[in-house]
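Down below is the structure, laid out as structure tokens.
In the numbering used here, the protein residues as written are 631 to 1057.
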């Protein structure tokens, strides 16, 4: 495997994601149109794929004078927390990180916002908060605008048969016996949206289209719903780049911070906030798939997915061990296989993807050397194909994998050919 310094994720990747989903859903739409009626579509974004708003209360306190002063003008009013271009300004990056941070509260066995910070997800049920992360910077923050436009071109109408299911992507889910106030509320709202969407479209079941982390939420929703409900309300689940068993990239995020390709941002400033996110714990490599494979090399030792507790301790995030062991591991150590709903996974391959991280004498505060393997640039191939490997023979009969060589900017004609094949299975 070749090694090189970690490079920025470019905007072409994000654009390619939107393009691929757009072409896919356009094909599905035409298939449905042949039967004179469109199946409703619900779009579920990935981590960071929708806007998030915040409101500061009188309980908000900051040890940073700039953050405290900026709060005076924002207190009591809702403002866009994600995405806000002020995150690019070094003095305000710290304010952003403080306000995005979650805390695990042992007394309630759940995660909560930072004190004095209320948050909400705008426009649930609509695609509006999925179009652009910042509507004032459309040219650089487009997410699903092209996809939605393509769907509208074949007859879809936002709020009628096209819906969005944004969520607070900092939070995750929890296994049975553990509370998950925000995650459970989202699944409840998503389930209700699915039912109301079907009811508003003459009972036609919905097509769920989920990107990245959204695929995990969608699969767990199906797994936590009765078989009769799944068969009645969900026609198909289509996922794109979903990390079914986590990613090595996430270990880099926890160890030394990750800026998602945003220039001028110091990863160490956002590292603490990233470590605090429940969903990031969920995306660490799962031992059921990665096993004892060495993933991180530092301090004259190596860490595998089975060494996650030691890894979290050694990077200085010992407080993450208990919620990881009690809330995350029970979910990721098992394979989720809900029957009754066909699943199609679109995955990229042949793109350099972090496979092992090498930290030098300066420790985890420095960027590592990265050994690359196969994947889509973020998610390792093993994780992208986990369902194919882990599902039973009966489950695999309902599973289809579409592999696209290279980045998702694959040649359009070849991409359309693959999507036409998918179209036949959905029609």
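For each residue, glycine too, the CB sits at the ideal point set by N, CA and C.
Residue span of the beta strand (DSSP E) that contains residue i, given as start and end
i: residue 876; result: Element bounds for residue 876: n/a, residue is neither H nor E.
i: residue 902; result: Note, residue 902: premise wrong, no beta strand (DSSP E); alpha helix (DSSP H) at 897 to 906.
i: residue 971; result: Premise fails: residue 971 is in no beta strand (DSSP E) and is neither H nor E.
i: residue 842; result: It is not in any beta strand (DSSP E) - residue 842 carries neither H nor E in the DSSP assignment.
i: residue 671; result: 671 to 674
i: residue 928; result: 926 to 928
i: residue 710; result: 709 to 712
Straight-line gap, residue i to residue j (C-alpha atoms, nearest Å)
i: residue 691; j: residue 923; result: 43 Å
i: residue 763; j: residue 770; result: 9 Å
i: residue 707; j: residue 918; result: 45 Å
i: residue 823; j: residue 802; result: 19 Å
i: residue 750; j: residue 1021; result: 36 Å
i: residue 855; j: residue 832; result: 22 Å
i: residue 844; j: residue 703; result: 34 Å
i: residue 952; j: residue 734; result: 10 Å
i: residue 862; j: residue 839; result: 17 Å
i: residue 677; j: residue 842; result: 7 Å
i: residue 999; j: residue 980; result: 20 Å
i: residue 724; j: residue 800; result: 17 Å
i: residue 869; j: residue 695; result: 44 Å
i: residue 760; j: residue 714; result: 15 Å
i: residue 943; j: residue 927; result: 15 Å
i: residue 1023; j: residue 959; result: 25 Å
i: residue 1034; j: residue 1005; result: 10 Å
i: residue 966; j: residue 877; result: 17 Å
i: residue 645; j: residue 772; result: Residue placement at residue 645 is flagged as unreliable, the pLDDT there being 45, under the threshold of 50; the coordinate-derived value follows with that caveat. About 8 Å.
i: residue 754; j: residue 796; result: 6 Å
i: residue 790; j: residue 964; result: 37 Å
Continuous alpha helix (DSSP H) stretch holding residue i: start and end
i: residue 749; result: Note, residue 749: premise wrong, no alpha helix (DSSP H); beta strand (DSSP E) at 747 to 750.
i: residue 1018; result: 1016 to 1020
i: residue 1033; result: Looking at the DSSP string, residue 1033 is not in any alpha helix (DSSP H); the run it does join, the beta strand (DSSP E), is 1029 to 1035.
i: residue 778; result: 775 to 783
i: residue 942; result: 938 to 944
i: residue 703; result: 695 to 704
i: residue 920; result: 917 to 920
i: residue 1065; result: An answer regarding residue 1065 cannot be provided, because it is not within the stretch 631 to 1057 covered by the chain.
Cβ neighbour criterion (16 or more within 10 Å) applied to residue i
i: residue 738; result: exposed
i: residue 730; result: buried
i: residue 907; result: buried
i: residue 938; result: buried
i: residue 881; result: buried
i: residue 806; result: exposed
i: residue 798; result: buried
i: residue 720; result: exposed
i: residue 985; result: buried
i: residue 687; result: exposed
i: residue 811; result: exposed
i: residue 921; result: exposed
i: residue 766; result: exposed
i: residue 741; result: buried
i: residue 940; result: exposed
i: residue 1007; result: buried
i: residue 886; result: buried
i: residue 815; result: exposed
Secondary structure of residue i, DSSP reduced to three states
i: residue 987; result: strand
i: residue 1001; result: strand
i: residue 831; result: coil
i: residue 763; result: coil
i: residue 743; result: strand
i: residue 799; result: coil
i: residue 724; result: helix
i: residue 863; result: helix
i: residue 596; result: No statement about residue 596 is possible, as the shown extent of the chain runs from 631 to 1057 and does not include it.
i: residue 869; result: strand
i: residue 910; result: helix
i: residue 934; result: coil
i: residue 978; result: strand
i: residue 733; result: strand
i: residue 683; result: strand
i: residue 890; result: coil
i: residue 964; result: coil
i: residue 1076; result: Shown here, the chain extends from 631 to 1057; a query on residue 1076 therefore has no answer.
i: residue 772; result: strand
i: residue 836; result: strand
Short CB-CB distance (under 9 Å) between residue i and chain D
i: residue 915; result: The structure shown contains no chain D; it holds only a single protein chain.
Segment contact flag, the segment 964 to 975 with the segment 1019 to 1030, C-beta cutoff 8 Å, min 3 pairs: yes
Cβ pair count under 8 Å reaching 3, the segment 814 to 831 against the segment 894 to 904: no
Cβ contact (3+ pairs, closer than 8 Å) linking the segment 1004 to 1019 and the segment 873 to 882: yes
Cβ contact check for the segment 668 to 686 and the segment 773 to 781: 3 or more pairs under 8 Å: yes
Contact the segment 926 to 936 vs the segment 985 to 998: 3+ CB pairs below 8 Å: yes
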